[in-house]
Every structure is written in structure tokens, then in C-alpha cells.
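Anchor point for the sequence shown: position 809 equals 809 in full-length UniProt numbering, and the numbering is continuous, going up by one each time.
Using N, Cα and C, we set each Cβ at its ideal position, and we do this for glycine too.
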Amino acid sequence: MGNRKKRDARHKAQAKHTGSAQHAPTHSDSAHEGATGRENAHTHTQGAESQPPLPAEQLATATQSGADSADASHNAVTQAPDTDKAESEPGYLPPDTHAADNDKNADADETDAPDDAEDVSANVSTPGAPQASEHSVQHAADTHSAASDDQSQATDDASESLQVYEPMFRFERVHGTLGDVCARDTISALAVSTDRFAVGMHSGMIYVLHTDGSLERGFRFHSAAVNDLVFDTTGEFIGSAGLDGHVAIASLHASEQYVFDFRRPVRTIALEPNFGRRSSRAFVCGGMAGNLVYRDKRWFGHKETIIHSGEGPVIAAAWRARWIAWANDCGVRIADSNTQQVVSLIAAPPGADLGLARCSLEWRDDSTLVIAHGERITVASVRTQSADEPPPLANLFPGTAPKVYVEVTAIFQLDSVTCGLAHFKQDMLVLAHIPEHGHTELRTISAQGDELDSDALALDDSPRFRSSDYHLLGTYEHRIECTSQKKVLSPVFYAASPSQVLTVRPRDERDHIDFLLSNKNFAEALAYLDELGPAAAGMGVDVDAIGHAYLDHLISLGDYEGAAERLAPLLGDDVRSWETYIFLFVDHGHVPTVLPYIPLSQPQLSEVLYEMVLVSLLRDPVLLCDTLRRWPVHIYSTPAVAAALEDQCAGENSEVLTEALAHLYLANHQPARALQYFLVLGRPIVLDLLAEHNLFPAVRDRLSDLIRLEVKLAGTDQPPRSLLIDLLVANMHSVPIKRVVAQLKDASWYEYKYLDALCARDPQLVSEYGGTLVRLYAQYDYAKLLPFLRVLNVEWFSEAYKVCKEHDYVPEMVFILGRTGDNQGALSLILERLGDVYRAIDFVKQQDDPELWTRLLEHSQDRPEFIRALLEHVGGEIDPLHILRRIRNGLAVPGLKYALMKILHNFHLQVSLLQGCSSVLNHAARDAGEHLERAQSSGLYCQLDTICAVCYGAISRSHALVFLCGHAAHAMCLAPDMPLGTSARQTVYTVHETETQRRAHSSARWIGMCDEAAPLARDVPDVPPERALSHSLFLERRLRRQPFAQQGCPACFSRNSYCLA
1 MGNRKKRDAR HKAQAKHTGS AQHAPTHSDS AHEGATGREN AHTHTQGAES
51 QPPLPAEQLA TATQSGADSA DASHNAVTQA PDTDKAESEP GYLPPDTHAA
101 DNDKNADADE TDAPDDAEDV SANVSTPGAP QASEHSVQHA ADTHSAASDD
151 QSQATDDASE SLQVYEPMFR FERVHGTLGD VCARDTISAL AVSTDRFAVG
201 MHSGMIYVLH TDGSLERGFR FHSAAVNDLV FDTTGEFIGS AGLDGHVAIA
251 SLHASEQYVF DFRRPVRTIA LEPNFGRRSS RAFVCGGMAG NLVYRDKRWF
301 GHKETIIHSG EGPVIAAAWR ARWIAWANDC GVRIADSNTQ QVVSLIAAPP
351 GADLGLARCS LEWRDDSTLV IAHGERITVA SVRTQSADEP PPLANLFPGT
401 APKVYVEVTA IFQLDSVTCG LAHFKQDMLV LAHIPEHGHT ELRTISAQGD
451 ELDSDALALD DSPRFRSSDY HLLGTYEHRI ECTSQKKVLS PVFYAASPSQ
501 VLTVRPRDER DHIDFLLSNK NFAEALAYLD ELGPAAAGMG VDVDAIGHAY
551 LDHLISLGDY EGAAERLAPL LGDDVRSWET YIFLFVDHGH VPTVLPYIPL
601 SQPQLSEVLY EMVLVSLLRD PVLLCDTLRR WPVHIYSTPA VAAALEDQCA
651 GENSEVLTEA LAHLYLANHQ PARALQYFLV LGRPIVLDLL AEHNLFPAVR
701 DRLSDLIRLE VKLAGTDQPP RSLLIDLLVA NMHSVPIKRV VAQLKDASWY
751 EYKYLDALCA RDPQLVSEYG GTLVRLYAQY DYAKLLPFLR VLNVEWFSEA
801 YKVCKEHDYV PEMVFILGRT GDNQGALSLI LERLGDVYRA IDFVKQQDDP
851 ELWTRLLEHS QDRPEFIRAL LEHVGGEIDP LHILRRIRNG LAVPGLKYAL
901 MKILHNFHLQ VSLLQGCSSV LNHAARDAGE HLERAQSSGL YCQLDTICAV
951 CYGAISRSHA LVFLCGHAAH AMCLAPDMPL GTSARQTVYT VHETETQRRA
1001 HSSARWIGMC DEAAPLARDV PDVPPERALS HSLFLERRLR RQPFAQQGCP
1051 ACFSRNSYCL A
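This is the structure:
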């Protein structure tokens, strides 16, 4: 149960879609639609007492007592004919089937359909509807092709059968009280509601049970098998139809009950929608009498109306909204509950055993009916004819066009007998019984007829059970969603056999995870949990346990690499789990596999585990060395691992183990010990260790080994850049220069690089090795020879001259001769060996020796190129005439004209520069003189309160100006004629007392000594007394702002003379 099966082609649902067929009621049906009466049944308003829930051991007693109370309260109920008594005999299974057969034979005349009944079927063409012949031909062709492909499909199904498919539903057997009931009785009818379900037994008992199988209520309305059970849509009432001809309706929460006796076995009952909320309490029922009875409650009792009759026993009925559908021998009819008018007939499948095959009627919505009968499923829709739609051909006569018709939209042909039908979303669930295999299946069929899923049910498939003994019903239940933990309404289905009931629920997230785990799809289960995110926590799933099971599964399969890759995401920070699985890898000899995934922090494992892993890697020295480089030393005991490595190295003398030991010491912050091993191995890290940890004292006598190492790494014995030299120069305090030079004698290139680096840092550092460095420069770097000679001590010149002479370095020989004082010899080398007149001119200029100029002129007098160079570059050092006079007559000097023109141009330029300088100096002197004249000829301003230095009295009663020429003038006399243009600060210099005296005097006058301002006011005519003070202050401010006597003394100026005294 629960595994999806791939079936043969003959077991798959074959859909046969028909065209749009319009179905209209015939007028011949009207003879049966209006017939009403009360002669066939007796109404009982007082029903049987409902039985309370009882323990399992008291069920038999409750059943008998219920029967007695029912008989006592129904004295008016008449007994069924003798033929019906046989139907209620105990132990006869299934009694309803044999009773139906007997009644069918007895009422053969009643079951004949009227001649004018309209047969609406997909196989019968009706006027106004398209023909279905093409579909029939296509179906035959598909059947033939399926038979020819059986062999190839058998091979495909054999391979596909090895795959495990997840079922769509979860199946659970209902236990509880139901198990005890079914142990003594068998189920004959089933009804479902939102929170409960009910079973009708062959004994006539009705049990209302909770979804978990616990008993809620028990009823005994029937003395024979219960043929049909139904809950109303509110879930408050339950209706039953029995083989004894009784129809009972009872409230589940109140004492309201109704029992009706129709004297003939009743096969089906349907309650009106919202039965519990409507006062009409209407229902329809039908059975072996062949009548579909409509019964509702009125003021004075119940009214009974026969909607239809005369087409055989009514075996099923369904009521939704305004439409009532029922099935009989002729097929399925649909009527309007409001008008009780029959709309149309949908013919029964041809050749169907109507007595043995269950007919299931399920309304998908208010206008779509799904009919499962035998091996066929028919989908029909009740439609309303539009105004512009042409009427069917049968209704072209005036006044006969219907407003409502039925259209068969699809027909699905199955390979098994349907026992029940339910709707699941847009699909259909079909309980199929396969006679040849003797078992039942739950199939999911899409709206297009494709079989989506098929599950074998673990029902008690006894050989004595027939297809009509099985039931399938669907409803909704309230449940807590496993992810959101919210109460939702979820579909649930009940599948029943005579001995047990199964609940069928769609599989949720938790079911999906359980299925994956049961099939060892751990990776998919974990991915699904990760996709659910926080919602997975509400399901109570132990993710850690799933992860451990996944790892154990991979290890059991030998997939150690896959298990190692999933350690981190599955174990997280669980130290204990990490250690358990790593020990497992070590025991199985797969340390290299798990090594890259061992965590070094977050979480950090125990030291013992890390040490065990390292020791196990002694068999793989390369991997051990790489691991020691990557792992931090604080996570394991370094001495313990180092001891193990030293013992291993002593036995094998392995280069890899030696390097591993060196890395171990290095990681343990022992670079000195690691350096010895790295130096023996010749590893580049040696120089880095020297630079980083200043380990030169440990290797200061092993410079030759370091040189060989660097030469090996550089690939040449003269590397252009030497890290070793840089380190030696930077660590002169650790390795003295003398010790280094002594060890570099055999490596002249390194000796040159070392001394050159020292010279670049400080030439005094190589003062003792001047001759050696000159020799090395001459050998390796000629460009640096002359610059070094410029800073070389004189004591090394003799040896340097020999080296330069040995290498024929003339410029350096010239420099040495010039530094040693042999200028003539140096000049001779320039003139004779180099023949460079420009170098000779520069040399003579530097020495500034007349004898050298004479020597140069003598050497140049018969050489035109020398003469021209001297004329062009000598400049002011020598008179050009001396050069020109030495030119021999008749000597051709190329470019002499241009040289002379250049000399004259240079002289002209010098004269112009001198003239410009003279003009600038003269202009500056004139400006300075004028400034001095203005400064000396300006008058000095004397205030009224200027104090005499002898008597401390006022100098004057009126403002005056004093000039250096000795003249004086009143300020008022000069003010009208003073020109504007310069500030008083530049031209007027006030003579007054000290700063302290002035401040004290000024503050006293402003405080209130107004009489001191009177003299100032008297000097100004026509000033009112009240304005004397303010006018005096204004005058003073004005005088201070005026540039007095800008042109000097007026007396001297009138005589056009300047006073410079």
C-alpha cells in the first residue's frame, strides 16, 4: 500500500471525450412527475431513541435494547412482505444484492421504461448534438495499437517497476470501537462529515464515530441491512435507508428524529442542502419500488411527491443546489428540485450489470455531475440555453424548446469496476475493483482522463465481497498544518470494505520526508527541509538524526568521499559527532579522504584527535608535510608529533619527513631549529626566515651555503638582485663586514654586490676596501667606476690607476691624474688618446690654469675642428683674439664664419643685458629719492593740547603745522588749499604727548570737561554755542584726515624751492 504502480496499457484509464450533446426532457415523462400519494408509506413523527456512546463490550446489549425500543415506539409500522423477510436473515452477505435481484424479478413489469423515454448517452446521437463516431473509431484504433505494443511495454514496465514512486496519499486504518463492531458485524453503508463518519451495518445498526474510530452515537432504526447513509451539509443530521423499507432521519445533537416506512426496500436517500437549517426538512429517496419520492415537512405533516417512476429500482441519488440526480435501470436522470420537473436522461452504460455494479453520483459543483457506473465515468453538465442558441432538432416544434438541458462533456472508460468516486482538487479519486486480481485500488484520474496515480489498498479483499460492497467518500476535516501550525481545512477520504475502514489523506510535508527517509533519500530529505526553512521546526523532525543517518548510509555504501564532503553541513558545531565520524574514518583507513574537511576552529576538536590524524599520516610524508603547513600548532601537542617525526626520520632519512619536521618546528615558533633543516634541504624559505627572525648569528659562518642556495634558486651564478646581500647589509651588526668579505673571496660577484651595497649606503663603510671595489667595478660595473673614484681616498689612486690602465679606461686615468696634480699628463691623455676637444675644454676650465690654456691653444692651432670648438665654447674664459691670431695663414676652418657670428651675437647680448640692468637701477634710485624728498618736506601736525616739554603748558591755541625748514603755518590757513590724494598717515606726522598722557587727557575731556573745547570753538566764526563742542570735534577729525602740506612748506614752495633742512 502506498507505492505507485506502473500498469499495463490495458489497465490504464482510456478517456473517450464526446461532443456537445444536448438533452431535453420528453413530454412522456410528465405522466410520472405529478403523481403524489400516501398509499405506499406511513409517516412516523416519533423516531427511535438515539443510543448514547457505549463501550465495545456493551455494543451487543445496546444493539438489542435499541431494537426493542425501536419496535416499541413504532407500533404503526407494518411488516414487509414475506419476500422481504428473507432479505433480513442474518449471515447472508451481501443481502442487498440478492434482495435487489429478487425484487427486480418480482417487479419486472414496473421496471420497463416508457417507450417515449429519452435516452441521452454519448453512444447515441441526438438531434442538435455532434456525432461521436470519430471518438469511437479512434478508441478502437488505440485498442488495437495497445495490443500490438504489449511486448515492448512489458519490457519498459519491468525496468520501471524497479523504481520507487511516492504515493499521493497516506492510508491509515481506523481502529478504536470500529474494530470491535466489525468483529461481530459487517459494514453495508458509509457516510462522512467534517468531524465524523458513520457506518451502517448489515444488522441494521448505525454507528456515528469520530475520525479516530471512537464511538459518538448509535442508532437502531432498521431491522435489516442499512443500504444508504448520508449526512446533511451542516453535519447536524444523518439520514439512512434500509433494506426493511424504513427511511430514518435523526439529529446528532438533539432528539429530533423522523422514521418513514415505504414497505419496500429503500436503496438510497438524499437530504436537501442545508437540511439542518431549513424548516422544510425535505429529502428524496428511492428503492425497489421504482419511485423517486420527494418528501418535505408542511404545517400538518409531511407531504410526499413522486418525482419519477417506472424505470426500475432507484439505486443512487444525489442532491446539490437545485438539482436532484438519481440512477435507475435506464440510466441517470436529473430533475429540478424547485419545479420537480425532469430535465433529461443519461443512459446507463451498455451491458452493465446494474444489480452488481455500484453507481456513484457526485456533484463536482452546482451544475456538473460525475457518474461512475461499472467501468465507465461520465461527466455531464446542466446548462441553460441562451437566447441565440438554436434549439435541438427534437424541439423544433413551437413551444417545445427547453430552457435547461444536460450536456455530456466527457466519458472515461476504465479497465475495472468502480466502487466509489470522490473529487480531489481538479482530479477524481476512483475506488476500482479488479475482479481478475481480486483486489481494490485507489486511482487518481485527471479531468482529461489521464491516470496520475494508482495505489493498492490494504482492504480485506475477501472472495465473497463484490464491487458493490466497497465504498469511497470524500469530505473535509480540520487539522493542524504541520509547517505553519495553523488550523486548516484539508480533504480526507474514507474507503471501506465490509470489515474495515481506511482514511485516505493527501500526503503533507512530513509524509514526504518520511517517504524519502524510508527509501534512504537522505540528501533529498535534507534539501527539502532546508527549502522549508523555519517552517520545518514545527514538524518535530530531528535534522541532526537525519544527517547522521545519511552519513552512516554513505559510509555503508563505501562512499567515503561523499560522506566527508557532507560532514560540515550535517554536523555543524557538534564536537562529539565530529570526533565520532573522524575516528571512524581513521579506523577504516580513509584519513586522506576526510583530511581536507577536518575543522580547525569553530568547532575545534580535541588535541588527541589531531595528533592521531597526524601520526596516521606518517605513511604519507607528502600529505603530512602539507598538513603541518596548514594546521595551526595550538590545536595539537607539538612535542609529541615532533618526537614521532624524529624517530621516523632517523629510520628512513626521508627528505619529505625532514621537511615536515622543519615545518613543525617553524609552526611551533622555533625558527632557529627549523632553519637548520631547511638549509640542509635547500628550501627558499631559508632567506625568508633570516629576514623575518634575524637568524644571521646562527648562519654567519655558513654564507657559502646560503650563496649556493640562492644561486640554485636564481638559476645563475650572477643574479641581478640578491636577497642575501640585502639581508647582510641590513644586519651588519650581526655579521661584521670583515667576516662577510672574508667568506665572499671565492664569490667575486657576491663580493661586488655586497661592497657596492655598502658603498651606496655609506662610502666610508668601504674605505678599507677601495682598491678591491675599484677592481670589482672595473670587472662588473664600469658605469659606477668614475663616480666611485670621485669619492675614493687619495691613498687608493695609485692602485686604482693601475687597474684603469690595465683595463685601458682613459677617462678614469685622466680623472686620477687630474686629482693627483698631473694636469699636463691628464690633458695630454685627453688630446692624444681621446681626441675630445670638448672634454679638453671642460678639463681646462675646471683647472683654470693659463699654462693649460696655452697648451690647448698650441695643440689646436693647426687643427680646424679644435679651433672652431674653442671659438664656440670658450666664452669669457679666453679672448677670441688670441685664438684667431694663432690661426695659420691659409688654414681652412670649416664653420669659422658661423663661429664668429656666434661670438658677436653673444657680445651684443651681453651689452643689451648690461644696459637693461643699468636702466632698472636708475629708475629704482629715482623712486627712492622722490620718496625721501616727500618724507623730509612734509609738515608735522601739532594739536591744541600738545604740551610743552618744559612748562607743561599748551603750545598754541590754534592748530598748526611745523616744517623742517623752520617755517610754521596754521592748519586752517592750509586746509582750504590742500589738494586731496594721499592719506594723512603718509603725509602728516602728529606731534603729541606720550600715549599714556594722551589717553588720560582724552578720557577726561569726554567725561564732562566741556569748557576745554571752547577755545576751539572760538577759532571758528559763526558757530552757535550749543554746537561749539560738536563742531570742534568734527574739525579735529577732518584735520586728521586731510593730507596737509603734501608739497612741503608753502613759503618755500612759493619760491619754487624745496626745503630739505
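Residue i versus residue j - alpha carbon distance
{"i": "C1049", "j": "L914", "result": "41 Å"}
{"i": "A800", "j": "R775", "result": "8 Å"}
{"i": "A357", "j": "H373", "result": "7 Å"}
{"i": "V164", "j": "H588", "result": "32 Å"}
{"i": "M168", "j": "E236", "result": "31 Å"}
{"i": "A318", "j": "D329", "result": "16 Å"}
{"i": "R383", "j": "G312", "result": "27 Å"}
{"i": "R196", "j": "H590", "result": "58 Å"}
{"i": "A495", "j": "D365", "result": "22 Å"}
{"i": "E561", "j": "Q670", "result": "36 Å"}
{"i": "D450", "j": "G286", "result": "34 Å"}
{"i": "V192", "j": "D228", "result": "12 Å"}
{"i": "F231", "j": "V247", "result": "13 Å"}
{"i": "G538", "j": "D508", "result": "13 Å"}
{"i": "Q910", "j": "E812", "result": "37 Å"}
{"i": "G771", "j": "V844", "result": "28 Å"}
{"i": "S937", "j": "F963", "result": "7 Å"}
Beta-bridge partners of residue i, as assigned by DSSP
{"i": "E362", "result": "V370"}
{"i": "F219", "result": "I206"}
{"i": "C285", "result": "I269 and V293"}
{"i": "K487", "result": "I480"}
{"i": "P506", "result": "F169"}
{"i": "V192", "result": "F197"}
Beta carbon of residue i nearer than 8 Å to that of residue j
{"i": "R700", "j": "V735", "result": "yes"}
{"i": "Q676", "j": "L703", "result": "no"}
{"i": "D296", "j": "A316", "result": "no"}
{"i": "L623", "j": "V641", "result": "no"}
{"i": "D427", "j": "S446", "result": "yes"}
{"i": "T658", "j": "L687", "result": "no"}
{"i": "V741", "j": "Y769", "result": "yes"}
{"i": "D836", "j": "I830", "result": "yes"}
{"i": "L529", "j": "I513", "result": "yes"}
For residue i, the three-state DSSP class (helix, strand or coil)
{"i": "T305", "result": "strand"}
{"i": "S497", "result": "strand"}
{"i": "C804", "result": "helix"}
{"i": "G239", "result": "strand"}
{"i": "E795", "result": "helix"}
{"i": "C1052", "result": "helix"}
{"i": "L744", "result": "coil"}
{"i": "P569", "result": "helix"}
{"i": "W326", "result": "strand"}
{"i": "I445", "result": "strand"}
{"i": "E451", "result": "strand"}
{"i": "T440", "result": "strand"}
Close-in-space but distant-in-sequence residues of the same chain around residue i (CB under 6 Å, 5 per side omitted)
{"i": "A289", "result": "R264"}
{"i": "F515", "result": "E166"}
Neighbourhood of residue i by C-beta distance below 8 Å, restricted to the same chain and skipping five residues each side
{"i": "T234", "result": "N274, F275, G276 and R277"}
{"i": "H553", "result": "K520 and F522"}
{"i": "K753", "result": "S722 and I725"}
{"i": "R868", "result": "V893, P894, G895, L896 and A899"}
{"i": "residue 1085", "result": "Past the boundaries of the shown model lies residue 1085; the chain is included only from 1 to 1061, so the question cannot be answered."}
{"i": "A72", "result": "Unreliable positioning characterises A72 in this predicted model, as indicated by a pLDDT of 33, which lies under 50. The coordinate reading is nonetheless provided below. Closer than 8 Å at Cβ, skipping near neighbours: no residue."}
Nonlocal neighbours in the same chain, by C-beta distance under 7 Å from residue i, ignoring five residues either side
{"i": "L517", "result": "A525 and I546"}
{"i": "L617", "result": "V591, L623, L624 and T627"}
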